[in-house]
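Residue numbers (the working numbering), protein chains in the order written: chain A, 72 to 151; chain B, 2 to 385. Take a look at the structure below.
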Amino acid sequence: MDTNTEISAHILVPKHRKLSIEETNVLLEKLNISVNQLPRILQSDPAIRHLNAEPGEVICIERDSPTAGKANYYRVVING
Amino acid sequence: MIDEIAKQYEGRLPTPLIEEVKKEAKEVKLTRAQGEAIFAKLEQKYKYARIQPGEAIGIVTAESFGEPGTQMTLRTFHFAGVAEVNVTLGLPRLIEIFDARKEPSTPLMVIYLKKPFNKDEKSLEKIIAQIKEIRVHEVLTEISINLLKLHVEYVLNKKRMKELGIPEESAIKAIKDALKTIDIIEKDSRYTATPKSKEGGLPALYTLKERIKEVKVNGIEGIQDVIPKMENNEIILLASGSNLKDVSKIEQVDFTRTTTNNIFEVAKNLGIEAARQTIIAEASKVIQEQGLDIDIRHIMFISDLMTAKGEIKGITRSGITEEKESVLARASFETPIRHLINASLIGEVDMLNSVVENVMINQPIPLGTGLPSLITKLAKESKK
């Protein structure tokens, strides 16, 4: 098994998904913020390495939350 | 029937709440009107319970941790179950987690095994031998310094090595690879190690002896001890020491469930989201073990804060406080003079957007009733 699928399959790693430009715009409009105000994720993060995300793109993380069932969390990719 | 009503509330109420109502409703017979009334009431209560915009949740979290924290034992050493693994718990561990120390004082891994190895006790010994780190001094019968000939002599314990399943050649090779500056000669299974240069004399020989003893012969770097344990009808391994990367390379290990309590290692190997999960799990473990009750939302909030920058930041002056935009807010935490001098040297501007700096200069703080612009449009101040 190659390492990427192994990391995604780990119980601690939630599902990461890259947002399209349209989705990003809808999200930022809804939250009324700029992209820099989002929490960050490093470009070299092992969980998003297979997504080939560029700095400035937004990653949607589908977390299993003990209080809300499923919860979406968003992080913006930064250099590093 | 109840499922139909529940469907309308999807997205408006959290899924666990809906599931709970559904479960309870199945046990009692409800009319449609009753079911609808329950959900309407639930939504109303849920809306009341939500945090209002402008609420100072940071302070609430700090209080929620502070009060039970006073009741925590200062220093506890706990032996987890039958297996004798020493784990730091209580306040020292909590400080370790929130300060984001690079290495936990007692690193611990929980290793799961793939089927069928998780039921098979016979293969267990071989797997443990692969994981547990073995150094030269554990397979020696004797080691000494020959003062006349200025070399180190050692004899390997062949019987012990056979028990551990280490071939002799690999042990000899391990020593040779680790120490490049010595010559090794074998005579009647007695090895003599002579330094290539004669410089240093006796002290150098003494350090050489100690270095030979510490060479790793087998296993994974950093794993000092491995203890098998039965849990939920399968065998798991508790390892003191942590090395997620190398453990994942062992064939029989189920990497997808294997965890460690070293948060930085999780961040490096599995990403920032997994590190957040680990912070939550580790902090909850400490709090539960002490018999305290802190709402999981507070722990989740702190974990989000610590991982918001893409890497782990502790709640210290070099961690999240360093990231604050306002000079005055940074100065109010620790080492004020350093922050003020640095800020004045580069001409930093404080926009007075947050709480602490406004308290300092006696202005209304942007919290609660200090945030009227959230619900009403303020008339623009006329220019004088």
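Just so you know, even glycine gets a beta-carbon here, dropped at the ideal spot from N, CA and C.
Subject >> Neighbour list for B/Ala-309 in chain A, Cβ cutoff strictly below 8 angstroms >> reply: In the second sequence, counting from the first residue as 1, residue 309 of chain B sits at position 308. Listed along chain A, the residues sitting closer than 8 angstroms to B/Ala-309 by beta-carbon distance are Pro-110 and Arg-111.
Original post:
For B/Ile-300 versus B/Ile-281, is the C-beta distance shorter than 8 angstroms?
Top reply: To locate residue 300 of chain B, count along the second sequence from 1; it is residue 299. To locate residue 281 of chain B, count along the second sequence from 1; it is residue 280. Taking 8 angstroms as the Cβ cut-off, B/Ile-300 and B/Ile-281 qualify as a contacting pair.
Original post:
In terms of residue numbering, what span does the beta strand (DSSP E) encompassing A/Ala-118 cover?
Top reply: Here residue 118 of chain A refers to the residue found at position 47 when the first sequence is read from its first residue. That residue, A/Ala-118, is in no beta strand (DSSP E); it is neither H nor E in DSSP.
Subject >> Contact list for B/Gly-166 against chain A, beta-carbon separation under 9 angstroms >> reply: Position 165 of the second sequence, counting from 1, holds the residue named residue 166 of chain B. Those within 9 angstroms of B/Gly-166 in chain A number zero; the least Cβ separation is about 26 angstroms.
**OP:** Give the residues of chain B in contact with A/Ile-104, contact being defined as C-beta atoms less than 8 angstroms apart.
**Re:** In the first sequence, the residue the question calls residue 104 of chain A occupies position 33. None at all; the shortest Cβ gap to chain B is about 14 angstroms.
**OP:** If I'm right that B/Leu-92 touches B/Gly-70 with Cβ under 8 angstroms, what's the distance once you round it to whole angstroms?
**Re:** Locating residue 92 of chain B in the second sequence gives position 91, where the first residue counts as 1. Locating residue 70 of chain B in the second sequence gives position 69, where the first residue counts as 1. At roughly 7 angstroms, the Cβ-Cβ gap stays under 8 angstroms, so B/Leu-92 and B/Gly-70 are in contact.
Original post:
Where do the N-terminal and C-terminal ends of the alpha helix (DSSP H) with B/His-138 fall, by residue?
Top reply: Position 137 of the second sequence, counting from 1, holds the residue named residue 138 of chain B. For B/His-138, there is no enclosing alpha helix (DSSP H), since its DSSP letter is neither H nor E.
Original post:
Helix, strand or coil for B/Asp-226 per DSSP?
Top reply: Start at 1 with the first residue of the second sequence, and residue 226 of chain B comes out as number 225. Under the three-state reduction of DSSP output, B/Asp-226 falls in the strand class.
Original post:
What residues in the region 311 to 324 of chain B have a beta carbon less than 9 angstroms from any beta carbon of chain A?
Top reply: Residues of the region 311 to 324 of chain B that bring their beta carbon within less than 9 angstroms of a beta carbon in chain A comprise Gly-311 and Glu-312, in sequence order.
**OP:** Would you kindly report the start and end of the unbroken alpha helix (DSSP H) that includes B/Pro-337?
**Re:** Numbered from its first residue, the second sequence carries residue 337 of chain B at position 336. In the DSSP assignment, B/Pro-337 falls within the unbroken alpha helix (DSSP H) covering 337 to 347.
Subject >> Neighbour flag for B/Glu-15 against chain A, beta carbons, 8 angstroms >> reply: Position 14 of the second sequence holds residue 15 of chain B. The sequence shown places Pro at residue 15 of chain B, rather than the Glu named in the question. For B/Pro-15, the answer is yes, since a Cβ of chain A falls inside 8 angstroms of its Cβ.
Original post:
If you check the beta carbons only, do A/Ile-82 and B/Thr-257 fall under 8 angstroms apart?
Top reply: Here residue 82 of chain A corresponds to residue number 11 of the first sequence, with the count starting at 1. Here residue 257 of chain B corresponds to residue number 256 of the second sequence, with the count starting at 1. Contact flag set, yes.
Original post:
Taking C-alpha atoms, which residue in B/Asn-363, B/Asn-354, B/Phe-334 and B/Gln-289 lies nearest to B/Met-73?
Top reply: Against the second sequence, residue 73 of chain B aligns to sequence position 72. Scanning B/Asn-363, B/Asn-354, B/Phe-334 and B/Gln-289 for the CA closest to the CA of B/Met-73 turns up B/Gln-289.
Subject >> Straight-line Cα distance separating B/Thr-182 from B/Lys-197 >> reply: Your numbering for residue 197 of chain B matches position 196 in the second sequence. Your numbering for residue 182 of chain B matches position 181 in the second sequence. Distance between the alpha carbons of B/Lys-197 and B/Thr-182: 6 angstroms.
**OP:** Might you give, ordered along the chain, the residues of its own chain that have their beta carbon closer than 6 angstroms to the beta carbon of B/Thr-193, omitting 5 neighbours on each side?
**Re:** Here residue 193 of chain B corresponds to residue number 192 of the second sequence, with the count starting at 1. Once the five neighbours on either side are set aside, the close Cβ partners of B/Thr-193 are His-152, Glu-154 and Ile-186.
Original post:
What residues of chain B sit near A/Thr-95, judged by a beta carbon separation below 9 angstroms?
Top reply: By 1-based counting over the first sequence, the position of residue 95 of chain A is 24. Going along chain B, no residue has its Cβ under 9 angstroms from A/Thr-95, so there is no contact; the nearest lies around 18 angstroms.
Subject >> Coil, strand or helix - B/Pro-168 by DSSP >> reply: As a position in the second sequence, residue 168 of chain B is number 167, starting the count at 1. Coil.
**OP:** Return the CA-CA distance between B/Thr-370 and A/Lys-89, expressed in angstroms with no decimal places.
**Re:** Residue numbering aside, residue 370 of chain B sits at position 369 when the second sequence is read from its first letter. Residue numbering aside, residue 89 of chain A sits at position 18 when the first sequence is read from its first letter. Going from the Cα of B/Thr-370 to the Cα of A/Lys-89 covers about 38 angstroms.
Subject >> B/Leu-141 to B/Val-156 span [Cα, whole Å] >> reply: Numbered from 1 along the second sequence, position 140 holds the residue referred to as residue 141 of chain B. Numbered from 1 along the second sequence, position 155 holds the residue referred to as residue 156 of chain B. The straight-line gap separating the alpha-carbon atoms of B/Leu-141 and B/Val-156 is approximately 6 angstroms.
Subject >> Short CB-CB distance (under 8 angstroms) between A/His-121 and chain B >> reply: On the first sequence, position 50 is the one that residue 121 of chain A refers to. No, its Cβ sits nowhere closer than 8 angstroms to a Cβ of chain B.
Original post:
Are the C-beta atoms of A/Val-129 and some chain B residue less than 8 angstroms apart?
Top reply: On the first sequence, position 58 is the one that residue 129 of chain A refers to. Not an interface residue.
**OP:** List the endpoints of the continuous alpha helix (DSSP H) containing B/Met-361.
**Re:** Reading the second sequence from its first residue, position 360 is the one you call residue 361 of chain B. It spans 356 to 361 - the alpha helix (DSSP H) in which B/Met-361 sits, taken as one unbroken run.
Original post:
Apart from the five residues just before and just after A/Ser-136, which ones in its own chain have a Cβ nearer than 7 angstroms to its Cβ?
Top reply: Translated into positions along the first sequence, residue 136 of chain A becomes position 65. Ala-142.
**OP:** Tell me, please, whether the CB atom of B/Leu-271 is closer than 8 angstroms to any CB atom in chain A?
**Re:** As a first step, residue 271 of chain B must be located in the second sequence, where it is residue number 270. Closer than 8 angstroms to some Cβ of chain A, the Cβ of B/Leu-271 qualifies, so yes.
Original post:
Considering only the beta carbon of each residue, do B/Asn-219 and B/Ile-167 sit closer than 8 angstroms?
Top reply: Translated into the one-based positions of the second sequence, residue 219 of chain B becomes position 218. Translated into the one-based positions of the second sequence, residue 167 of chain B becomes position 166. If you check the CB distance, B/Asn-219 and B/Ile-167 come in under 8 angstroms.
Original post:
By the criterion of Cβ-Cβ separation under 7 angstroms, what are the contact partners of B/Arg-298 in chain A?
Top reply: Mapped onto the second sequence, residue 298 of chain B falls at position 297. What B/Arg-298 touches in chain A: Thr-138.
**OP:** Starting from B/Val-267, find everything on chain A with Cβ-Cβ shorter than 8 angstroms and list it in chain order.
**Re:** The count along the second sequence starts at 1 and reaches residue 267 of chain B at position 266. Contacts between B/Val-267 and chain A, judged by CB atoms closer than 8 angstroms, involve Leu-83 in chain order.
**OP:** Inspect the beta-carbon positions of A/Val-97 and A/Val-147 and report whether they are closer than 8 angstroms.
**Re:** Counting from 1 along the first sequence, the entry for residue 97 of chain A is found at position 26. Counting from 1 along the first sequence, the entry for residue 147 of chain A is found at position 76. Not a contact, by the Cβ cut-off of 8 angstroms.
**OP:** Look at B/Arg-134 and B/Glu-252 and say whether their C-beta atoms are less than 8 angstroms apart.
**Re:** Locating residue 134 of chain B in the second sequence gives position 133, counting from the first residue. Locating residue 252 of chain B in the second sequence gives position 251, counting from the first residue. Correcting the residue type first, residue 134 of chain B is Glu in the shown sequence and not Arg. B/Glu-134 places its beta carbon 8 angstroms or farther from that of B/Glu-252.
Original post:
Taking three-plus beta-carbon pairs below 8 angstroms as touching, is the region 3 to 14 of chain B in contact with the region 39 to 55 of chain B?
Top reply: Touching, yes, given that three or more Cβ pairs across the two stretches are closer than 8 angstroms.
Original post:
Using a Cβ-Cβ distance under 8 angstroms, would B/Ala-50 count as near chain D?
Top reply: No chain D is part of this structure, whose protein chains are labelled A and B.
Original post:
Is B/Ala-284 close to chain A, meaning its C-beta is less than 8 angstroms from at least one C-beta of that chain?
Top reply: Taking the first residue of the second sequence as 1, we reach residue 284 of chain B at position 283. Output row for B/Ala-284: interface = no.
**OP:** Assuming A/Ile-149 contacts A/Gln-114 (C-beta within less than 8 angstroms), just tell me the rounded distance between them.
**Re:** Reading the first sequence from its first residue, position 78 is the one you call residue 149 of chain A. Reading the first sequence from its first residue, position 43 is the one you call residue 114 of chain A. Right, the Cβ-Cβ distance comes to about 7 angstroms (below 8 angstroms), so this counts as a contact.
Original post:
Along the chain, which unbroken stretches of the alpha helix (DSSP H) at least 4 residues long are found entirely within the region 88 to 115 of chain B?
Top reply: Here the runs fully enclosed are 92 to 99.
Original post:
Below 8 angstroms between beta carbons: does that hold for B/Leu-271 and A/Pro-110?
Top reply: Position 270 of the second sequence, counted from the first residue, corresponds to residue 271 of chain B. Position 39 of the first sequence, counted from the first residue, corresponds to residue 110 of chain A. For B/Leu-271 and A/Pro-110, no; Cβs fall outside 8 angstroms.
Original post:
If we call anything under 8 angstroms between Cβ atoms a contact, is B/Leu-90 one with B/Tyr-47?
Top reply: If you number the second sequence from 1, residue 90 of chain B lands on position 89. If you number the second sequence from 1, residue 47 of chain B lands on position 46. Taking 8 angstroms as the Cβ cut-off, B/Leu-90 and B/Tyr-47 do not qualify as a contacting pair.
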